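Everything on this sheet refers to the single structure shown next.
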Amino acid sequence: MIRAPPGGNMIGEYKEIDEEKLKVAFKTAYPVQCMAAHGAEDSAITYIGSTRRGNLITDYFQATGGSYWYENRGIRDGKIVSMDVYIFGHEVKKGKKKS
9 MIRAPPGGNM IGEYKEIDEE KLKVAFKTAY PVQCMAAHGA EDSAITYIGS TRRGNLITDY
69 FQATGGSYWY ENRGIRDGKI VSMDVYIFGH EVKKGKKKS
């Protein structure tokens with residue numbers, strides 16, 4: 009499976025997406041975080057490029073089946089960081105809440 013982990017190893021990586029792919033991806037992409045809801049949690053995805061608007065970056069991925077996915081990152085202190093770092097200043101632990 010070729011997969012660029014969302015918010016993981018891609019920190020700092022950026023390449024402009026091909027304009028033709030962007031036209032399709034922009035209209036049809038779903039958030040990477042929703043892959044399981046679409047039955048695609050086991051799909052291999054490949055990073056195909058990004059767009060930048062101000063301090064926000066949208067990364068686009070394409071699955072082997074042809075579907076498109078996206079995830080956002082931000083620029084903070086001149087560095088590309090995850091949205092958690094962009095918003096909160098640090099990574100946020102994700103897991104089960106203690107009861």
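To convert a position in the sequence shown, counted from 1, into the numbering used here, add 8.
Glycine included, C-beta positions come from ideal geometry on N, C-alpha and C.
Keep in mind that this is a model prediction, so the values were computed, not measured.
{"query": "Tell me the residue span of the alpha helix (DSSP H) that contains V93.", "result": "91 to 96"}
{"query": "State the DSSP-derived secondary structure class of K87, mapped to helix, strand or coil.", "result": "strand"}
{"query": "State buried or exposed for L30, treating a residue as buried only when at least 16 other CB atoms are found within 10 Å of its CB.", "result": "buried"}
{"query": "By how many angstroms is the C-alpha of G47 removed from the C-alpha of R81?", "result": "24 Å"}
{"query": "Judging by CA-CA distance, which residue of I95, R61, V40, L64 is the nearest neighbour of Y55?", "result": "V40"}
{"query": "Rounded to the nearest angstrom, how far is the Cβ of I65 from that of I95, given a contact under 8 Å?", "result": "Contact doesn't hold; Cβ gap of about 14 Å is too wide."}
{"query": "Which residues bound the alpha helix (DSSP H) around A33?", "result": "27 to 36"}
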